[in-house]
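Below: the structure, in structure tokens.
In our numbering, the protein residues as written are 23 to 453.
In structure tokens:
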């Protein structure tokens, strides 16, 4: 068996066996298969797909490529939520501390930026001093003590996914159903969580552009999870425009903090509450209505924000940012983008916003790129908001002067029409 034959087989649209997939993952992890050959196979998978059996075999091989996390020593119901990724998606930063105030335990592992979509780890890393890479023992100890930890993927957990994730990010192979399924589910299955809620995005600002594609992805992940005996569900959520107003690492952390203080954008707050209620109901501890009331109560009484502060401090970060977000990284310049005509915002090109934010330095074009945590875009007008000529559409936070090319591209982001458009619900379906 050799990797060239495996690449050729998938290139020719043939089914890979479990042994062939395992051979590739083993070689990827031990370095005997170089990145350029793995990249060729990833592109073949991107172009030709994988069937249900291949996807399960790939997920299984990635799951067992490193150590498995045993959370059985943590009392209570362990829950996790994972997003397929989208522009402005900072949901975990607000939702997970909020959930942990409701009697469930949260041992959250997240990834970095992937293409034009930011990663939770990068956003948390914008908090001064924040350590997002805890050893397994420290992770479990912290969850036992305060009920929550949010960390990045460790080197020993799903190392195959870590390698593939980095290659996908820089080779144009992000938007592939089997690769998304195996990436998300391998990390979920390698952990010992009892209940998993998947937040599967669809629309311009996500990997899945159409609702039908998101539904297919969600069903594929649920199928894999159920084969492992997991209590798993999914929300199909719209990314037809950026989630909330902020796009960029520190800016999104600020917005998540504002939300836990009851001052977040309406669409983002709605998603946090509804997805949280769905997860708590699935845990068996609450009815949906009781869960919704509890979540709102714990925002209003300050306990969710207080727990986020405690978690940050336990992980070496400056917890004062929860009370004073000006302590987060600040860009050198803020430029206003103004409307050239009056009307209603009828479209915001999410992917373009994500790409323009990445061009400012908020994301990576290559695996070696450094992220500028301070930069990004804060929208002042969302879809169906009324606009007058001269109104501020967005604030651009940047550390270098904006080029004419960048400004020209941004002028194409916002569509303004005479009449509002039909609103798109934030959650389309729950599976």
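For each residue, glycine too, the CB sits at the ideal point set by N, CA and C.
Since the model is a prediction, treat every value here as computed from it, not as a measurement.
Residue pairing by DSSP puts residue 401 in a beta bridge opposite 416.
With respect to residue 186, residue 103 sits apart: the two C-beta atoms are not nearer than 9 angstroms. Within the stretch 230-286, complete alpha helix (DSSP H) segments of at least 4 residues are found at 233-249 and 271-282, given in chain order. Around the beta carbon of residue 410, fewer than 16 other beta carbons lie within 10 angstroms, which makes this residue exposed. Proximity to residue 123 across 77, 246, 171 and 155 peaks at 171, based on C-alpha coordinates. When the beta-carbon positions are compared, residue 397 and residue 421 come within less than 9 angstroms of each other. With the rule of 3 Cβ pairs closer than 8 angstroms, the stretch 207-216 counts as touching the stretch 248-260. The alpha helix (DSSP H) runs lying completely inside the stretch 307-356 and spanning 4 residues or more are 310-322 and 325-336, given in chain order. Taking a C-beta distance under 9 angstroms as the contact criterion, residue 129 and residue 165 qualify as a contact pair. Rounded to whole angstroms, the gap between the alpha carbons of residue 200 and residue 413 is 44 angstroms. In the same chain as residue 351, and ignoring 5 residues on each side of it, the C-beta atoms closer than 7 angstroms to its own belong to 148, 272, 395 and 396, in chain order.
Excluding the 5 residues flanking it on each side, residue 299 has same chain C-beta neighbours closer than 7 angstroms at 310, 313, 314 and 317, in chain order. From the listed residues 169, 167, 188 and 168, the smallest Cα separation to residue 175 is found for 188. CA-to-CA, the gap between residue 262 and residue 227 works out to about 6 angstroms. Look at the beta carbons and you see the stretch 112-127 not touching the stretch 359-369: under three pairs across the two are nearer than 8 angstroms. The beta carbons of residue 275 and residue 347 sit closer together than 9 angstroms. Per DSSP, residue 228 is not a residue of any alpha helix (DSSP H), being assigned neither H nor E. Going by beta carbons, residue 51 and residue 212 fall outside the 9 angstroms limit.
DSSP places residue 383 in the helix class (H, G or I) of the three-state scheme. DSSP, read as helix, strand or coil, puts residue 207 in helix. When the five nearest sequence neighbours on each side are left out, the beta carbons in the same chain lying within less than 6 angstroms of the beta carbon of residue 270 are those of 379, 384, 397 and 398, in order along the chain. Close CB contacts of residue 89 within its chain, under the 7 angstroms cut and outside five residues either way in sequence, are with 178 and 179 (chain order). Residue burial annotation: residue 79 is buried, with at least 16 other C-beta atoms found within 10 angstroms of its C-beta. Counting only residues of its own chain and dropping the five nearest sequence neighbours on each side, residue 73 has a CB closer than 7 angstroms to the CB of 37. Residue 436 and residue 287 have their alpha carbons spaced roughly 19 angstroms apart.
The residue from 239, 330, 268 and 450 with its alpha-carbon nearest to that of residue 296 is 450.
Per the DSSP secondary-structure output, residue 409 pairs in a beta bridge with 365.
Within the DSSP secondary-structure output, residue 360 pairs in a beta bridge with 414. In this structure, the straight-line span from the alpha carbon of residue 432 to that of residue 58 is close to 34 angstroms.
Counted as a single uninterrupted DSSP element, the alpha helix (DSSP H) harbouring residue 118 occupies residues 113-122. By the neighbour-count criterion, in which 16 or more other beta carbons inside 10 Å mark a residue as buried, residue 69 falls on the exposed side.
Going by DSSP, residue 174 is part of no alpha helix (DSSP H) but of the beta strand (DSSP E) stretching over 170-174.
In this structure, residue 368 sits near residue 443, with a CB-CB distance shorter than 9 angstroms. Take residue 441, set aside five residues on each side of it, and the residues of its chain with a beta-carbon closer than 7 angstroms to its own are 366, in chain order. Secondary structure at residue 84: helix, using DSSP grouped into helix, strand and coil. In this structure, the beta-carbon distance from residue 357 to residue 424 falls below 9 angstroms.
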